[in-house]
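**Student:** Mind having a look at this structure? Questions to follow.
Number of protein chains: 2
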Amino acid sequence: METRLKDAGYRITQSRRAVLRALEGGPAHVSAAQVLALGRKTCKTLSRASVYRTLEALEATGALRALPSPDGRVYVRVTDGHHHLVCQGCGDVQDFDGCALCNAWAPVAEAEGFSVAGHLLEVFGLCKSCREEEVVHVSEGSERS
Amino acid sequence: METRLKDAGYRITQSRRAVLRALEGGPAHVSAAQVLALGRKTCKTLSRASVYRTLEALEATGALRALPSPDGRVYVRVTDGHHHLVCQGCGDVQDFDGCALCNAWAPVAEAEGFSVAGHLLEVFGLCKSCREEEVVHVSEGSERS
DNA sequence: CGCTTAAAGAGACTGTGTCTCGATAAGTAT
DNA sequence: ATACTTATCGAGACACAGTCTCTTTAAGCG
Chain A
648 METRLKDAGY
658 RITQSRRAVL
668 RALEGGPAHV
678 SAAQVLALGR
688 KTCKTLSRAS
698 VYRTLEALEA
708 TGALRALPSP
718 DGRVYVRVTD
728 GHHHLVCQGC
738 GDVQDFDGCA
748 LCNAWAPVAE
758 AEGFSVAGHL
768 LEVFGLCKSC
778 REEEVVHVSE
788 GSERS
Chain B
648 METRLKDAGY
658 RITQSRRAVL
668 RALEGGPAHV
678 SAAQVLALGR
688 KTCKTLSRAS
698 VYRTLEALEA
708 TGALRALPSP
718 DGRVYVRVTD
728 GHHHLVCQGC
738 GDVQDFDGCA
748 LCNAWAPVAE
758 AEGFSVAGHL
768 LEVFGLCKSC
778 REEEVVHVSE
788 GSERS
């Protein structure tokens, strides 16, 4: 990611490096606040504005993608797959393959006059281990869809 | 929607009615702020808190779905879909159909031990009108991906 | 080593969403 | 109809995300 920034003409600074480390070390989906907190471990004076600026720069180079989530914006590395299994139990995110199928709905989008640049698929549910726990708790009043 | 609320045990008030009218009259994707503005036309004293409360109630009854967008949360009547064409030019979001294909990768996810509860598909690109504008600007120094 | 300028940090500002609290009115019983 | 109970109201405080501006700093060049 660092070389990517550099090649795009951005300077490599302490703050930027701190953000990059935070992104590499952190979870697959991170919020700006998390990046700030993680980044401060490397660069103590890291500011919120710098985090947003760097995130924006990374997005511009295509190394990162911002996507809306129920709790504000989260950032995802694009080197990671763009098909995610998001566990609603533990919050864990794993990738899965399925790009062959992706090309199937590109024509649908293009029929609407839309030119497709990319896509993101989020599948929500419960991962294996959370599912096993769920069995223990039986149906303990979960009213959500 | 009104009967739906009533049946669920909610009282029908002036404020609630104002919100319902706003939802029915407004665009397919509306923000809470838009609902507030539209609702004030019917009920001048409508407050932000009431909007959120009503929106929450409607979500609980299943008449509405909240979904994250780049500019905060937006609300969609559940009759509308969960496959989005997100325009990177103007930020507009439109739905498209494609649920038949969705069932194709559910087995892939389940092979990983994942139980699927729902999904969200975001296709990024440029909408028709933004595409036409793009042609006018030709390659006018846009370094963005 | 010094210059130029992109990028930094600090903090003000805006907007969204949540929460509390006393006041109000919806629905029910009288 | 009228009174009562209590869900709901509006107002405003609060917390937080994200943006913006301004002055200072340091990255990368010669």
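The listed protein sequences correspond, in order, to chains A and B.
Add 647 to a position in the first sequence, counting from 1, and you land on the number used in the working numbering.
Add 647 to a position in the second sequence, counting from 1, and you land on the number used in the working numbering.
Ideal Cβ positions, reconstructed from N, Cα and C, are used throughout, including at glycine.
1. Please list the partners that A:Lys-775 has in chain B, where partner means a Cβ-to-Cβ separation under 8 angstroms.
2. Hey, quick one: how far does the alpha helix (DSSP H) through A:Val-725 stretch, first residue to last?
3. Could you please give me the residues that DSSP links to A:Cys-734 through a beta bridge?
4. Run the CB neighbour count on B:Glu-779, radius 10 Å, all protein chains shown included, and call it buried at 16 or more, exposed below.
5. Using the beta-carbon of each residue, which ones in chain A are nearer than 9 angstroms to B:Val-723?
6. Indicate the three-state DSSP secondary structure (helix, strand or coil) for B:Gly-656 in the structure shown.
7. In chain order, what residues of the region 652-678 of chain B put their CB closer than 9 angstroms to some CB of chain A?
8. Do B:Cys-734 and B:Leu-773 come within 9 angstroms of each other at the CB atom, strictly closer than that value?
9. With DSSP as the reference, identify every bridge partner of B:Gly-719, one or two as the case may be.
10. So, at 8 angstroms on beta carbons, what are the nonlocal neighbours of A:Val-682 in its own chain, with the 5 sequence-adjacent residues on each side left out?
11. Give a yes or no on whether the minimum CB-CB distance between B:Arg-700 and chain A is below 9 angstroms.
12. Going along the chain, which residues of the region 700-719 of chain A sit with their C-beta nearer than 9 angstroms to a C-beta in chain B?
13. Measure the CB-CB distance between A:Ala-679 and A:Gly-719 and report whether it falls below 9 angstroms.
14. Taking the C-alpha atoms as reference points, what is the distance between B:Phe-771 and A:Cys-777?
15. DSSP three-state label for B:Leu-693, please.
16. Can you tell which of A:Asp-742, A:Lys-688, A:Val-763 and A:Ala-753 has the C-alpha that lies nearest to the C-alpha of B:Gly-760?
17. When you compare each of B:Thr-689, B:Lys-691, B:Lys-688 and B:Ala-713 to B:Tyr-700 by their alpha carbons, which one comes out closest?
18. Grab me the residues of A:Gly-689's own chain with a C-beta within less than 6 angstroms of its C-beta, minus the 5 sequence neighbours each way, in chain order.
19. I'd like to check one pair, B:Tyr-657 with B:Ala-696: are the Cβ atoms closer than 9 angstroms?
20. How long is the line joining the alpha carbons of A:Ser-662 and A:Ser-716, rounded to whole angstroms?
21. For A:Val-682, which residues in chain B fall below 9 angstroms Cβ to Cβ?
**Tutor:** On the basis of the coordinates in this document:
1. Residue mapping note: residue 775 of chain A aligns to position 128 of the first sequence, counting from 1. Among the residues of chain B, those whose CB is under 8 angstroms from the CB of A:Lys-775 are Glu-759, Gly-760 and Phe-761, following chain order.
2. Translated into positions along the first sequence, residue 725 of chain A becomes position 78. First-last for A:Val-725: undefined, no H or E at that position.
3. The count along the first sequence starts at 1 and reaches residue 734 of chain A at position 87. The partner list for A:Cys-734 (beta bridge, DSSP) reads A:Gly-772.
4. Looking up residue 779 of chain B in the second sequence gives position 132. Flag for B:Glu-779 reads exposed.
5. Position 76 of the second sequence holds residue 723 of chain B. B:Val-723 does not reach chain A, its nearest Cβ partner there being about 13 angstroms away, counting only Cβ pairs nearer than 9 angstroms.
6. Here residue 656 of chain B corresponds to residue number 9 of the second sequence, with the count starting at 1. In the three-state reduction of the DSSP assignment, B:Gly-656 falls in the coil class.
7. The region 652-678 of chain B vs chain A, Cβ under 9 angstroms: nothing.
8. Numbered from its first residue, the second sequence carries residue 773 of chain B at position 126. Numbered from its first residue, the second sequence carries residue 734 of chain B at position 87. Against a cut-off of 9 angstroms, the Cβ pair of B:Cys-734 and B:Leu-773 comes out as a contact.
9. Position 72 of the second sequence, counting from 1, holds the residue named residue 719 of chain B. B:Gly-719 pairs with B:Ser-716.
10. Mapped onto the first sequence, residue 682 of chain A falls at position 35. Apart from sequence neighbours up to five positions away, the residues of its chain that approach A:Val-682 with a beta-carbon distance below 8 angstroms are Val-666, Ala-669, Leu-670, Gly-673, Val-698, Leu-702 and Tyr-722, ordered along the chain.
11. Position 53 of the second sequence, counted from the start, is the residue given in the question as residue 700 of chain B. Chain A, which has no Cβ nearer than 9 angstroms to the Cβ of B:Arg-700, makes this no.
12. Flagged, chain order: Glu-706, Ala-707, Thr-708, Gly-709, Arg-712, Ala-713, Leu-714, Pro-715, Ser-716, Pro-717, Asp-718 and Gly-719.
13. Counting from 1 along the first sequence, the entry for residue 679 of chain A is found at position 32. Counting from 1 along the first sequence, the entry for residue 719 of chain A is found at position 72. In this structure, A:Gly-719 lies closer than 9 angstroms to A:Ala-679 by Cβ.
14. Start at 1 with the first residue of the second sequence, and residue 771 of chain B comes out as number 124. Start at 1 with the first residue of the first sequence, and residue 777 of chain A comes out as number 130. One C-alpha to the other measures close to 31 angstroms.
15. Translated into the one-based positions of the second sequence, residue 693 of chain B becomes position 46. Note: B:Leu-693 maps to coil in three-state DSSP.
16. Here the question's residue 760 of chain B lines up with position 113 in the second sequence. The shortest C-alpha separation from B:Gly-760 is found at A:Asp-742.
17. Mapped onto the second sequence, residue 700 of chain B falls at position 53. The question names Tyr, but residue 700 of chain B in the sequence shown is Arg. Nearest option by C-alpha distance: B:Ala-713.
18. Residue 689 of chain A sits at position 42 when you count from the first residue of the first sequence. According to the sequence provided, residue 689 of chain A is Thr. The question's Gly does not apply to it. Excluding positions up to five away in sequence, the list reads Ala-665 and Arg-668.
19. In the second sequence, the residue the question calls residue 696 of chain B occupies position 49. In the second sequence, the residue the question calls residue 657 of chain B occupies position 10. One thing to note: B:Ala-696 has its Cβ no nearer than 9 angstroms to the Cβ of B:Tyr-657.
20. Locating residue 662 of chain A in the first sequence gives position 15, where the first residue counts as 1. Locating residue 716 of chain A in the first sequence gives position 69, where the first residue counts as 1. Between the alpha carbons of A:Ser-662 and A:Ser-716 lies a distance of about 25 angstroms.
21. On the first sequence, position 35 is the one that residue 682 of chain A refers to. In chain order: nothing, as chain B lies at least about 18 angstroms away.
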